[in-house]
Amino acid sequence: MAIRRQRIADIVTLMAAMGIPGIISPIYAKSLPPPGGTFALVAAAGSDDDADAAPVLTVVANLDKDGIPDLVEARAPQPGVPGNGELIVLLGRKDGSYVRSSVLPLSGSDPTSIVAGDFNRDGVSDVVIGYGNGSLTEFLGDGKGGLISAGEIAHVSSVVSIATADFNHDGKLDLAVSDSHTGTVSILLGDGAGSFGVSWSFRLPMPGSIYRLAAADFNHDGLVDLAVTNDDGDAYDVMLGNGNGTFTESPELSHLKDPNAHCVA
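Here the sequence shown stands for residues 0 to 264, where the numbers follow numbering that gives the first Met the number 0.
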């Protein structure tokens, strides 16, 4: 069955706006396909109606330089099935349908977040995947629709959510990673060649809770900011980017039930 590209974008955005559990959509680009950035991150961890389904993470990318959005899926193994997950590449076609191109093994069984972006600045989308054990691994696009494993690029205590953008205004994509075990968000600055280094972090309101991230310029100052949210209704906390890879709290732009439950920079 053909899946229309615009319908995917509409469905992803609508489900995120409705706050459906397990769905995140940090929109960083304004068009589809994205010009070297991530369009949307979808972490579909199953629903009450499909409790036995394996978690699937999906991200939009451009892997073969044809200007047609492609999809990359990170799938955990089915419950009760041993082994690691797999990475599936679905190449987009002109008629809006997708064809499975390749299947690659993942390095773990519990992928929790996935983002795409041109991390080595070669004009082709790459993919970073985070795992519950804190590992972050990278797959580099080969420009022909394939992905090549670059191994582990960083390790934190746990990975809940990843957002990607240029946080220090140097033209290179960086990563923000929320960690439920330490109750922090770590900023990993990219070197433009596909490598990252932890440069700074800030504390989340409640350690042990699940917090998800979205990156965008919320105050229109030309610098990328972060929105931090959890499953507590429509509450969110905005951290304004300083343009150097650090962030400052913004109670004015945040919406919290508890006025004292802000992130701490």
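The C-beta atom is built at its ideal place from N, Cα and C for all residues, glycine as well.
Would residue i pass as a contact of residue j if the rule is Cβ separation under 9 Å?
i, j, result
"Asp63", "Gly144", "yes"
"Thr136", "Gly91", "no"
"Asp236", "Leu255", "yes"
"Val159", "Ile209", "yes"
"Leu212", "Ser253", "no"
What separation, rounded to the nearest whole angstrom, lies between the Cα atoms of residue i and residue j?
i, j, result
"Glu72", "Val88", "7 Å"
"Asp109", "Tyr130", "6 Å"
"Ser100", "Ile147", "13 Å"
"Tyr97", "Asp69", "8 Å"
"Ala115", "Arg74", "16 Å"
"Val58", "Phe138", "13 Å"
"Glu248", "Trp199", "15 Å"
"His219", "Thr163", "18 Å"
"Val102", "Asp224", "34 Å"
"Ala149", "Asn229", "31 Å"
"Leu56", "Ile161", "12 Å"
"Val197", "Asp216", "22 Å"
"Ser185", "Pro76", "28 Å"
"Pro250", "Thr183", "18 Å"
"Asp48", "Leu86", "At Asp48 the pLDDT is 45, less than 50, meaning the model places this residue with poor confidence; the figure from the coordinates comes in the next sentence. Taking the straight line from one Cα to the other gives about 24 Å."
"Ala153", "Asn167", "19 Å"
"Pro104", "Asp257", "43 Å"
"Asn241", "Pro78", "43 Å"
"Ala60", "Met238", "26 Å"
"Lys171", "Gly142", "19 Å"
"Gly45", "Gly95", "Any reading at Gly45 must be qualified, since the residue scores a pLDDT of 37, below 50, and its modelled position is unreliable; no value is offered."
"Ala260", "Ser157", "22 Å"
"Lys93", "Ile128", "28 Å"
"Thr37", "Cys262", "Note that Thr37 scores a pLDDT of 37, beneath 50, so its modelled location is shaky and nothing firm can be said."
Nearest by alpha-carbon distance to residue i: which of the options is it?
i, options, result
"Ala264", "Pro204, Leu172, Tyr97 and Leu139", "Pro204"
"Gly84", "Pro54, Ala60 and Ser101", "Pro54"
"Arg202", "Ala234, Thr245, His168 and Phe195", "Thr245"
"Asp121", "Thr163, Gly140 and Leu239", "Gly140"
"Val155", "Phe195, Asp169 and His168", "Phe195"
"Thr181", "Ser253, Asn229, Gly66 and Gly207", "Gly207"
"Thr111", "Asn132, Val197 and Gly79", "Asn132"
"Asn243", "Cys262, Gly189 and His261", "Gly189"
Could you round the C-beta distance between residue i and residue j to whole angstroms and report it? I think they count as a contact, below 8 Å.
i, j, result
"Val126", "Asp117", "Actually they do not touch by this definition, with Cβ atoms about 11 Å apart."
"Ala214", "Ala175", "7 Å"
"Asp173", "Leu187", "6 Å"
"Asn119", "Gly191", "7 Å"
"Ser179", "Glu151", "Ser179 to Glu151, Cβ: 19 Å. No contact."
Apply the 10 Å Cβ neighbour rule to residue i and answer buried if 16 or more other Cβ atoms are within range, or exposed otherwise.
i, result
"Asp165", "buried"
"Val227", "buried"
"Val80", "exposed"
"Gly82", "exposed"
"Pro32", "Legend: pLDDT at Pro32 = 36, less than 50; position of this residue unreliable, value from coordinates given subsequently. The residue in question, Pro32, is buried, as its Cβ has 16 or more Cβ neighbours within 10 Å."
"Lys29", "Any reading at Lys29 must be qualified, since the residue scores a pLDDT of 31, below 50, and its modelled position is unreliable; the value itself is stated next. With fewer than 16 other Cβ atoms within 10 Å, it is exposed."
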